[in-house]
Every structure is written in structure tokens, then in C-alpha cells.
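Contents: one structure, followed by commentary.
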Amino acid sequence: MARTKNFDREEKLIAAMELFWHKGYADTSIADLVDHLGINRFSLYNAYVDKETLYHECLDYYLTQISFPSLTELGKGDAGLEAIKVYLQRFALLQREQQCGCFMQNAILERAHSDDEVLNTGTMLYTELDTALGQAFKNAKQDGVISNNINVEQMSRFLVLQMQGIRVLGKARQYNFIDDAMVVLIAMLDALRITQ
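Right, here's the structure in full:
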């Protein structure tokens with residue numbers, strides 16, 4: 001008779017994600033996972049195959065349950081320049097809560113050079129972020145809020161770049177740098193407005 005799992009797979013996946021997020025892939029051992037998840041090695045391997053597969057599943061979970069849902073407001077049909085500003089301000093404030101930085105960014109920095117799945121997952125995140133910001137800039141253009149001369153693709157990618165810097169400074173707890181830079185970033189976005 002086959003043994004049944006007596007644990008919530010998603011709950012353990014979230015716990016594993018949090019451990020990888022705090023320690024990184026290389027510094028998280030199977031023993032750490034067994035201890036943190038409160039399951040034995042057999043159950044761990046039976047449910048998740050191996051450490052790398054579990055790590056990839058954690059990244060996918062982070063992408064679909066945390067990263068993509070955070071883009072909801074930007075993805076609305078009427079999102080424009082104000083939605084971009086609100087999103088960036090919330091993003092900057094979030095850095096005070098996420099002491100370990102962004103799980104995806106941490107994974108990319110640690111593993112993208114040797115793990116194509118991490119690289120591909122990171123690319124999906126940056127593509128979605130770029131698309132959401134780009135659509136909001138397009139909406140702002142169509143609504144006559146910003147000039148038609150603004151290159152939407154360049155602006156959205158500039159903001160993706162800025163956000164990665166904000167993440168790094170947040171991880172380093174340089175909140176004063178973030179606060180001062182956000183003043184400039186918001187002023188720059190306001191300067192895109194067509195003056196009436």
C-alpha cells in the first residue's frame with residue numbers, strides 16, 4: 001500500500017521558499033530543509049524530487065503568487081502615469097519589509113550564470129514587469145498625459161533598471177538613499193506630463 005503525504009505541500013513549499021530566500025541556494029542544505037520543513041528526507045524527495053527541483057518550484061511559486069500579482073494595478077486597462085508612480089512608491093516602501101531583498105533577484109545573482117531555469121524564470125519576471133509598465137506608459141500617451149515623443153519601451157526598461165537598484169539598496173538597508181532617489185524618480189515622471 002502506498003504511503004500518503006500527511007502534510008500540506010504548498011505550506012511546505014512556502015517554508016522552503018522562505019529558507020532559500022534567507023540563506024540562498026548554496027547555503028541551504030538538505031538537512032536544513034528537513035529541519036525547517038519538519039519532514040523527513042524520504043518525504044522531501046518523494047514530494048519534491050531533489051533540492052534543485054524544489055528550488056525551481058519555489059521560484060515559480062514566487063513568480064506566480066507574489067511577483068505577478070503585484071503587477072495587477074499596472075495591468076488594469078486605465079492604468080497610466082499615476083498608477084506607475086503609486087506602484088513605484090509602494091515598491092520603495094516594500095524594501096523596508098523585505099530584509100533579504102527580492103527572492104528572484106537573489107536567485108539570479110547567485111545562480112543565473114549556471115542554471116538556465118533560474119535565468120529563464122528571471123527573464124519572465126522582467127518581461128512581465130516591462131510589459132506592465134510599458135502598457136501604463138502607452139495608456140498615458142493615449143490619454144494625452146505624456147507626449148507622443150516619449151519612447152515607451154525605453155522608459156519602462158529604465159524603470160525596471162531603477163527597481164533593481166532599489167532592491168539592492170533595500171537589502172543593504174540604505175533607505176535614505178532610496179527615499180532621496182525616489183524624490184528624483186517621481187519628479188522625473190511628473191516632468192513627462194504635458195503642461196496644459
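Per UniProt numbering: the sequence shown ends with 196, consecutive numbering throughout.
Cβ coordinates follow ideal geometry from the N, Cα and C atoms, glycine included.
Being a predicted model, the structure only gives us computed values, none of them experimental.
Pick helix, strand or coil for I150, following the three-state DSSP scheme.
Mapped onto the sequence shown, residue 150 falls at position 150. I150: coil per DSSP, three-state reduction.
Under the assumption that M163 contacts F103 (Cβ atoms under 8 angstroms), give the Cβ distance between them as a whole number of angstroms.
In the sequence shown, counting from the first residue as 1, residue 163 sits at position 163. In the sequence shown, counting from the first residue as 1, residue 103 sits at position 103. Wrong, their Cβ atoms sit about 15 angstroms apart, outside the cutoff.
Please confirm whether Y61 and L13 have their CB atoms less than 8 angstroms apart.
Your numbering for residue 61 matches position 61 in the sequence shown. Your numbering for residue 13 matches position 13 in the sequence shown. Closer than 8 angstroms, so yes.
Starting from Q135, follow the alpha helix (DSSP H) in both directions and report where the run begins and ends.
Start at 1 with the first residue of the sequence shown, and residue 135 comes out as number 135. Looking at the DSSP string, the run of the alpha helix (DSSP H) that includes Q135 is 116 to 142.
DSSP three-state call for R173: helix, strand or coil?
To locate residue 173, count along the sequence shown from 1; it is residue 173. R173: coil per DSSP, three-state reduction.
Cβ neighbour criterion (16 or more within 10 Å) applied to R167:
For the purposes of this step, residue 167 is taken as residue 167 along the sequence shown, with counting starting at 1. So R167 counts as buried.
Alpha carbon of T28 to alpha carbon of K85, nearest angstrom
Reading the sequence shown from its first residue, position 28 is the one you call residue 28. Reading the sequence shown from its first residue, position 85 is the one you call residue 85. Looking at the two C-alpha atoms, the distance is approximately 37 angstroms.
Cβ shell of D143 (< 7 angstroms), same chain only, five flanking positions each side left out
Counting from one through the sequence shown, the residue named residue 143 turns up at place 143. Taken in chain order, the residues that qualify are G80.
Rounded Cβ spacing between H56 and E18 (contact assumed at less than 8 angstroms)
Mapped onto the sequence shown, residue 56 falls at position 56. Mapped onto the sequence shown, residue 18 falls at position 18. Actually they do not touch by this definition, with Cβ atoms about 16 angstroms apart.
Suppose contacts are defined by Cβ-Cβ distances below 8 angstroms. Is L71 in contact with A132 by that definition?
Numbered from 1 along the sequence shown, position 71 holds the residue referred to as residue 71. Numbered from 1 along the sequence shown, position 132 holds the residue referred to as residue 132. Result yes, Cβ atoms of L71 and A132 sit closer than 8 angstroms.
Boundaries (first-last residue) of the alpha helix (DSSP H) holding G75:
Numbered from 1 along the sequence shown, position 75 holds the residue referred to as residue 75. Run containing G75: 72 to 75, per the alpha helix (DSSP H) assignment.
According to DSSP, is R167 helix, strand or coil?
Walking along the sequence shown from the start, residue 167 turns up at place 167. DSSP places R167 in helix when its eight states are reduced to three.
Should R193 be labelled buried (16 or more other beta-carbon atoms within 10 Å of its own) or exposed?
The sequence position of residue 193 within the sequence shown is 193, counting from 1. Exposed, by the Cβ-count rule.
Backbone CA spacing between K23 and G77 [nearest angstrom]
Taking the first residue of the sequence shown as 1, we reach residue 23 at position 23. Taking the first residue of the sequence shown as 1, we reach residue 77 at position 77. Their backbone Cα atoms lie some 39 angstroms apart in a straight line.
Along the chain, where does the alpha helix (DSSP H) containing E97 start, and where does it finish?
Here residue 97 refers to the residue found at position 97 of the sequence shown. It is not in any alpha helix (DSSP H) - E97 carries neither H nor E in the DSSP assignment.
C-alpha gap between A136 and F42, whole angstroms
Sequence index remark: in the sequence shown, residue 136 carries index 136 (1-based). Sequence index remark: in the sequence shown, residue 42 carries index 42 (1-based). Using only the alpha carbons, I get a separation of about 48 angstroms.
What residue range does the alpha helix (DSSP H) around L63 cover?
For the purposes of this step, residue 63 is taken as residue 63 along the sequence shown, with counting starting at 1. Segment: none, L63 is in no alpha helix (DSSP H) and carries neither H nor E.
Going along the chain, which residues of its own chain have a beta-carbon closer than 8 angstroms to the beta-carbon of R9, five neighbours each way excluded?
In the sequence shown, residue 9 corresponds to position 9, counting from 1. Only A47 meet the Cβ criterion.
Could you give the C-beta distance for Q98 and G38, rounded to a whole number, given that I count them as a contact under 8 angstroms?
Indexing the sequence shown from 1 puts residue 98 at position 98. Indexing the sequence shown from 1 puts residue 38 at position 38. Actually they are not in contact, since the Cβ atoms of Q98 and G38 sit about 24 angstroms apart, beyond 8 angstroms.
Whole angstroms is fine: what's the gap from A2's alpha carbon to D50's?
The residue given as residue 2 occupies position 2 in the sequence shown. The residue given as residue 50 occupies position 50 in the sequence shown. A caution first: A2 carries a pLDDT of 48, below 50, which makes its placement in the model too unreliable to give a value.
Report the rounded CA-to-CA distance for V145 versus N139, giving the unit in angstroms.
Translated into positions along the sequence shown, residue 145 becomes position 145. Translated into positions along the sequence shown, residue 139 becomes position 139. About 9 angstroms.
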